[in-house]
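Numbering (UniProt numbering), first residue to last: 1 to 167.
Yeah, the Cβ is synthetic: ideal placement off N, Cα and C, and Gly gets one too.
This structure is a prediction, so every number in the text was calculated from the model and none was measured.
A quick write-up on the structure given underneath.
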Ligand code: HEM
C-alpha cells in the first residue's frame, strides 16, 4: 500500500501547522525577558529558588554554648558524641522535650551512648570539664563508636565540642 499524505484532510492540516509552529519555536526560541525573575520551575530553566536553601555552619561548641540547642524552644537540637557535634533536629521525636532520649539534647552524650543508658548521671554538668571517658571498658568504647557510625549516616555533623575555656 502506497503512503500518501493528503494535506487536504483537516487532521493533516492541523498536524502540519502544529509541526511548523514547533519547528519555528526551536529555530527561533523566545528571547523576551520575564518582567520579574521567575522563582518556580514553570516554563524555563532560568529561575531562582524563592529563598536560599538552609545551610549548616560547622562551628566549635563548648558544653555551655551547646546546651541552648536542647530543642525546648522548638529550635535546633544538637548533641555531641566523643567531641563530634551532630544536628539531630530531624530526630525531634527522639530528642525533643518529650522524646525518650531528650536528656541528650544539647549535651555531651558520649557516656550514655557508651553505656547504653539515658540516666541523668551519664551527663557531665555543663560548667565542668569534658568527660574524658578514661574509665570506659573497650566494649563500651566500641558501643559508643557504633552510635557515632549510626549518627554519621543519619545526621549532619555540624561542629566539634571543646572545653568551656578553650574558646
Ligand atoms: C527501654 C529500652 C529501649 C527501647 C524500647 C528502645 C527503642 C528504640 C527504638 C524503637 C528506636 C528507633 C530505631 C529506629 O527507628 O531506627 C531507638 C533508637 C535509639 N535508641 Fe533506643 N530503646 C531503648 C533503650 C535505649 C537506651 C538505654 C539508649 C541509650 C543510649 C538508647 C538510645 C537510642 C538511640 C541513640 C537511638 C537512635 C535515635 C536516632 O536515630 O536518632 N535506647 N530505640
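Endpoints, alpha helix (DSSP H) assigned at residue i
i, result
"residue 65", "63-66"
"residue 27", "10-27"
"residue 114", "110-115"
Buried or exposed (CB count within 10 angstroms, at least 16 for buried), residue i
i, result
"residue 105", "buried"
"residue 68", "exposed"
"residue 74", "exposed"
"residue 66", "buried"
"residue 138", "exposed"
"residue 123", "buried"
"residue 166", "exposed"
"residue 82", "buried"
"residue 100", "exposed"
"residue 114", "buried"
"residue 61", "buried"
"residue 103", "buried"
"residue 109", "buried"
Whole-angstrom C-beta distance between residue j and residue i, which should lie under 8 Å
i, j, result
"residue 59", "residue 159", "4 Å"
"residue 131", "residue 107", "Actually they are not in contact, since the Cβ atoms of residue 131 and residue 107 sit about 10 Å apart, beyond 8 Å."
"residue 127", "residue 64", "7 Å"
Endpoints, beta strand (DSSP E) assigned at residue i
i, result
"residue 161", "156-161"
"residue 94", "Note, residue 94: premise wrong, no beta strand (DSSP E); alpha helix (DSSP H) at 92-95."
"residue 130", "Looking at the DSSP string, residue 130 is not in any beta strand (DSSP E), and its letter there is neither H nor E."
"residue 80", "78-81"
"residue 85", "84-87"
Cut-off 6 Å between Cβ atoms - residues of its own chain near residue i, not counting five sequence neighbours on either side
i, result
"residue 151", "86"
"residue 88", "77, 79, 95, 155"
Neighbourhood of residue i by C-beta, 7 Å cutoff - its chain only, sequence neighbours within 5 removed
i, result
"residue 71", "77, 92, 95, 96, 97, 105"
"residue 6", "12"
"residue 162", "60, 62"
"residue 84", "148, 157, 160"
Near the ligand GTP: residue i beta-carbon under 7 Å from a heavy atom
i, result
"residue 117", "Ligands in the displayed structure: the ligand HEM; the ligand GTP is not one of them."
Contacting residues, own chain, Cβ-Cβ under 8 Å from residue i (five flanking each side not counted)
i, result
"residue 11", "none"
"residue 16", "7"
"residue 183", "Only positions 1 to 167 of the chain appear in the structure, and residue 183 is not among them; the question remains open."
"residue 41", "47"
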